[in-house]
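Engineer: Taken in sequence, the protein lines are chains D and C.
By the numbering used here, the letter at position 97 of the first sequence is numbered 97, and the numbering carries on one by one without gaps.
By the numbering used here, the letter at position 89 of the second sequence is numbered 1089, and the numbering carries on one by one without gaps.
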Amino acid sequence: MGASQPVQGALHGVRVLDLGHGIAGPFAARLLGDFGADVVKVEKPGSGDFGRYLAPLKEDAPVGEQSLLFQYLNWNKRSIAIDLRAPENLALLRSMVAHSDIVIESFRPGTLERWGLGPERMLEWNPRVVVTSLSNFGQTGPYADYRASDLVFQAMSGIMQISGRVDREPIKHGLQQSLYCAGLNAAYVSMAMYLAAQSDGVGEHIDMSIHECLASEMVLNLPYYAFMGAVQGRRAVVQDPFLGEPIPTRKGYLAMQSGGGAPFETYAELFGREEFRAPEFLVAAERERHADQVRALLLECLAGRDAKEVFLDGAQRRLLLGVVQGAAELLECEHLRAREFFIELDHPASGRLTFPGELAKLSRTPMRVQRRAPLFDEHREEILAQLPDLDHSHAPSMRAASTSAGSLP
Amino acid sequence: MSHQDKAGLPLAGMRVLDLSYVFAVPYMGGLLSDLGAEVIKIEAPHRLDQTRGRAFGPYIDNDPGEKGWNRSGIFQVLNRGKQSLVLDLGQEAGREVLRELVAKSDIVLENFTPRVMRKWNCHYEELCKVNPALIMLSNTGYGGTGPWSAFPSQGTTLEATMGITQYSGYRGDKPWKVGQSYPDFLACWTGLNALFAALVACRESGKGQHIDLGMYQVGAALIPEPMLMHQLGQPEPERIGNEHPEHVPDNLYRASGVDNWLALSVTDDAQWASLVRLMGRPELVEDARFAHESARRERRDAINAMVAEWVREQDAQTLATLLQTHGIAAGPVLNSRDLLLDPHLRQRGFHELVAHPAPIGVRPLVGRPYRLRNRDAHIKKPAPGFGADNQRILADTLGYTRERIDALQSEGVIRDEPLNPGRCGSLDLETALRLGTIVAVDPDYYSKLGLDPQGERK
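Next up, the structure:
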């Protein structure tokens, strides 16, 4: 991700108001910032975004500035603390919405409406604005008020039904994948509707459901029911080892998949074993039938080799291979380094850290990190000063309403 | 606001050429069509999109019938709304057609390995000479640059390499891949981000650009937690199945019936108090061994056993509803039948009913994860038959004469049937049922879905 190119981002001049908190909403707003939008993050007075308390934490930093995950989710933003519940702040918020192109919010459905700040109101204030509401199950329907977690999303999306082994419990993706998936969706639909609003002057309210983002991954599975009434289950207890399941090596795990650019016999060359040319290895159905035998041979071939080395060797022979990598391997990966994927960023709370950076390379308007994540309420003065039609007599009372969660020089 | 009064879709009037295969990019194209674009799927005569058959299906009632390549369910959902032009880009005459279409298009999508488009002289630097406003997205496993750029890849193996598999799996077990082709979805959504950003930029400047989308790094960007822990010197996160590193209980529990599971997440002490009252164990509210999350983390096994026993004889859906009314996140593991019949998704119109030509008829397809107030995003039409729009595109879009089209047809530059279709296989249901990879086949699924043979929802 470019650090100092003079070119402007794709969304240069687009103004985004980030009322989100946690992971999904802030990640969506950050992506818009990475594309060059000017993102103002509004935080709750006192404690700020609860994302400021999400692990991993740098525990010797001031409270409220410890979360490294917060830094990742909130670079390219400026921060101001405003109490959205306080009626005396409505004029300020009206001015901020009037000067925004996109608003992203992730409160529980009905919350903003109760505060007189619902999407309908925002569209009255600014008929061209795009308001993106990101919620657990959407703004409407019987589950609209349901609580959720990453586990509940993955369970109710259908993904867990097809994951894991038939004789064990269903299993979810590790970490917090559902929230990043939702952030990716919210960001692209926000840009799509901004594009439309620029064309016809009509704003939009996007009602995005995190649950439905995950359920969209079932496009490859729901047709089995819709076309033939079949309900898919989990993975068979014994299956062809060439279906991508990680296989242990001397060091690390290797994933192998048949198909791809090279004939299956290439495995005979990779492992120096002629058995891989035998009929019970060449055809998937035969491998399935002889799965134990195939697995035993693979384990033998891999016992003296490291997964990464086999991956590189096989991939150069055009075999479809993967190597199970964790943080340490990814941070050192020669390919990611060559792609300039990582960015180094200084932050007063944590010093310099390496973060995953660029998602895709845009040739003319690259994604960029122009500023580190903000300290709580760091940009209050400059944000207020940039609102031309604001009655500035409101400002002092707001300052009183926002006591800092933790202060840094 | 009535249907006709709705504002325009963002891609109305735009044309997309989709040269891609399989999942990630075809799905991107389908979603662009939902947002108003005219999407032309350009297919090779000799290389059938895998989702048209062979390894993928499914076919109506498990029967590929005649021309199975026009009937696969997965193909239908990924390629909805598109037109099909079957064009041999291996011939110069085919590439000439492509260049003429590029001149009249806004976006090109492709996922060949990096050398292919270059070999055809159809890489971005060449195509943008024809159309300087062109936005071209190239999706590959590892991106167009770097030492691994020529490596072959598919979602299954990439999922391991990109990092998420390391952190997924049963407690104490080896790494596990989860879901189906997860990296394809991440690439699809990331590609849509890049495309819309590029469209906004093009609107300002009139200039297009090239998007180099490498799937590997997209996955690596979505596991920041362990990368940051590593730099703090903290231990690598363990594989902990469905549990949460901090919250207890936050796990999956077996409910009554054959294969029913309840997910339940208690994220604070007040929810714990609500839970134990519902469990008929109010004495635990004040019990110092469990009252605070830090204490519960020390007693995961005991708490899991206690909750498991309580859930075991109850109905997952009923219990989920009860827990939700008490402010506790909970939900059953839903299967594809449950999802298609789910009252919430039905009310929100998540699945769209699409009328396909016979013999497919009306089928529910996954729509989009969002609703709009002022615009009407929708599946415009079913996926195209192989080469279904050859004539119309050449005659109407490019203005070719009858003679020119006939010449292209006789030279095999355009075709209406695949050269190497392979065998569209049906699923071995008996084996799948025995192994448990298919858990049920409902002969009455059509009426369960509320569809009648004439194709209307009852």
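The beta carbon of each residue, even a glycine, is placed where N, CA and C say it ideally should be.
At a CB-CB cut-off below 8 Å, which residues of chain D make contact with T1267/C?
Structural biologist: Per Cβ cutoff of 8 Å: S149.
Engineer: Taking the straight line between their C-alpha atoms, what separation do you get for W1261/C and P1058/C?
Structural biologist: W1261/C and P1058/C: Cα-Cα distance of roughly 27 Å.
Engineer: Looking at the secondary structure, which residues open and close the beta strand (DSSP E) in which I1405/C lies?
Structural biologist: Counting along the chain, I1405/C falls outside any beta strand (DSSP E), though it belongs to the alpha helix (DSSP H) covering R1402 to S1410.
Engineer: Return helix, strand or coil for P409/D, following the three-state DSSP convention.
Structural biologist: Low local confidence applies: a pLDDT of 35 at P409/D is under 50, so the model's placement there is unreliable, with the coordinate-based value given in what follows. Three-state DSSP puts P409/D in coil, outside helix and strand.
Engineer: Could you run through the region 342-359 of chain D and flag, in chain order, every residue whose CB is less than 8 Å away from some CB of chain C?
Structural biologist: The residues in question are L353, T354, F355, P356, G357, E358 and L359.
Engineer: Under a Cβ-count criterion, where at least 16 other Cβ atoms within 10 Å of its own Cβ denotes burial, should S1447/C be classed as buried or exposed?
Structural biologist: By the 10 Å Cβ count, S1447/C comes out exposed.
Engineer: Fully enclosed by the region 257-306 of chain D, which alpha helix (DSSP H) runs are 4 residues long or longer?
Structural biologist: Those alpha helix (DSSP H) runs which fall completely within the region 257-306 of chain D and span 4+ residues are 266-271, 279-282, 284-289 and 291-302.
Engineer: Are there 16 or more other CB atoms within 10 angstroms of the CB of S1002/C, so buried, or fewer, so exposed?
Structural biologist: Here S1002/C scores only 48 on pLDDT, less than 50, and its place in the model is too uncertain to base an answer on.
Engineer: Can you list, in chain order, the residues of its chain with a C-beta nearer than 8 Å to that of Q239/D? Leave out the 5 residues immediately preceding and following it.
Structural biologist: E245, E288 and A291.
Engineer: Who are the neighbours of Y53/D on chain C, taking C-beta pairs under 8 Å?
Structural biologist: Simply none; closest approach about 11 Å.
Engineer: Where do the N-terminal and C-terminal ends of the beta strand (DSSP E) with L17/D fall, by residue?
Structural biologist: It spans R15 to L19 - the beta strand (DSSP E) in which L17/D sits, taken as one unbroken run.
Engineer: Check whether the region 184-192 of chain D touches the region 248-257 of chain D, counting contact only when three or more Cβ pairs, one atom from each stretch, lie closer than 8 Å.
Structural biologist: No, because fewer than three Cβ pairs between the region 184-192 of chain D and the region 248-257 of chain D fall closer than 8 Å, the two stretches do not touch.
Engineer: For L1427/C and I1074/C, I'd like the C-alpha separation in whole angstroms.
Structural biologist: L1427/C and I1074/C: Cα-Cα distance of roughly 14 Å.
Engineer: Of the choices V1077/C, Q1324/C and T1157/C, whose alpha-carbon is the least far from that of G314/D?
Structural biologist: Out of V1077/C, Q1324/C and T1157/C, T1157/C has the C-alpha closest to the C-alpha of G314/D.
Engineer: Which chain D residues sit within Cβ distance under 9 Å of S1181/C?
Structural biologist: What S1181/C touches in chain D: E217 and L220.
Engineer: Please confirm if V1366/C has its CB atom under 8 Å from at least one CB of chain D.
Structural biologist: Answer yes: the Cβ-Cβ gap between V1366/C and chain D drops below 8 Å somewhere.
Engineer: Could you name the residues of the same chain whose beta carbon sits closer than 6 Å to that of S294/D, not counting the 5 residues immediately before and after it, in chain order?
Structural biologist: Sequence inspection shows Val at residue 294/D; the Ser mentioned does not correspond to that position. So the qualifying residues of the chain are P241 and R287.
Engineer: Determine the DSSP secondary structure at D1442/C, reduced to helix, strand or coil.
Structural biologist: If DSSP states are grouped into helix, strand and coil, D1442/C belongs with coil.
Engineer: Does the region 70-80 of chain D touch the region 11-31 of chain D, meaning 3 or more C-beta pairs lie closer than 8 Å?
Structural biologist: Judged by Cβ distances under 8 Å, the region 11-31 of chain D makes contact with the region 70-80 of chain D, as three or more pairs qualify.
Engineer: If you run the structure through DSSP and keep just helix, strand and coil, what is E354/D?
Structural biologist: It should be pointed out that residue 354/D corresponds to Thr in this sequence rather than to Glu. Residue state, collapsed to three classes: strand.
Engineer: Which residues share a DSSP beta bridge with D38/D?
Structural biologist: Paired residues: R15/D.
Engineer: So, is N1420/C buried or exposed, given that buried needs 16 or more other C-beta atoms within 10 angstroms?
Structural biologist: It is exposed - the Cβ of N1420/C has fewer than 16 other Cβ atoms within 10 Å.
Engineer: Find the residues of chain D that neighbour K1174/C, judging by a C-beta separation of less than 8 Å, and give them in chain order.
Structural biologist: Near K1174/C (Cβ distances below 8 Å), the residues of chain D are P246, P248 and Y253.
Engineer: Taking contact to mean 3 or more Cβ pairs, one atom from each stretch, closer than 8 Å, check whether the region 369-383 of chain D and the region 72-90 of chain D are in contact.
Structural biologist: Short answer: they touch.
Engineer: Are there 16 or more other CB atoms within 10 angstroms of the CB of P1384/C, so buried, or fewer, so exposed?
Structural biologist: Buried, because 16 or more other Cβ atoms sit within 10 Å of the Cβ of P1384/C.
Engineer: Looking at S1020/C and L1127/C, is the spacing between their C-beta atoms short of 8 Å?
Structural biologist: No.
Engineer: CA-CA distance, A155/D and A1263/C?
Structural biologist: Near 7 Å, if we compare the C-alpha coordinates of A1263/C and A155/D.
Engineer: How would you call A1194/C, buried or exposed, if buried means at least 16 neighbouring beta carbons within 10 angstroms?
Structural biologist: So A1194/C counts as buried.
Engineer: Could you tell me how far apart the beta carbons of F1023/C and D1184/C are, in whole angstroms, since I believe they sit closer than 8 Å?
Structural biologist: With 8 Å as the limit, F1023/C and D1184/C qualify as a contact, their Cβ atoms being about 4 Å apart.
Engineer: Which word fits D1173/C, buried or exposed, when buried means at least 16 other C-beta atoms lie within 10 angstroms of its C-beta?
Structural biologist: Flag for D1173/C reads exposed.
Engineer: Name the two residues that bound the continuous alpha helix (DSSP H) containing N1193/C.
Structural biologist: Note, N1193/C: alpha helix (DSSP H), Y1182 to S1205.
Engineer: For the beta strand (DSSP E) that Y1027/C lies in, which residues bound it at each end?
Structural biologist: Unbroken run through Y1027/C is the alpha helix (DSSP H), A1024 to D1034; no beta strand (DSSP E).
Engineer: Alpha carbon to alpha carbon, how far is F355/D from A1407/C?
Structural biologist: Computed Cα separation, rounded: 56 Å.
Engineer: Output the distance between the C-alpha atoms of S1256/C and R317/D, rounded to the nearest integer angstrom.
Structural biologist: So the two alpha carbons sit approximately 50 Å from each other.
Engineer: If you run the structure through DSSP and keep just helix, strand and coil, what is G1331/C?
Structural biologist: Note: G1331/C maps to strand in three-state DSSP.
Engineer: Beta carbon of A236/D, beta carbon of V166/D: below 8 Å?
Structural biologist: It is a contact, given that the beta carbons lie within the stated cut-off.
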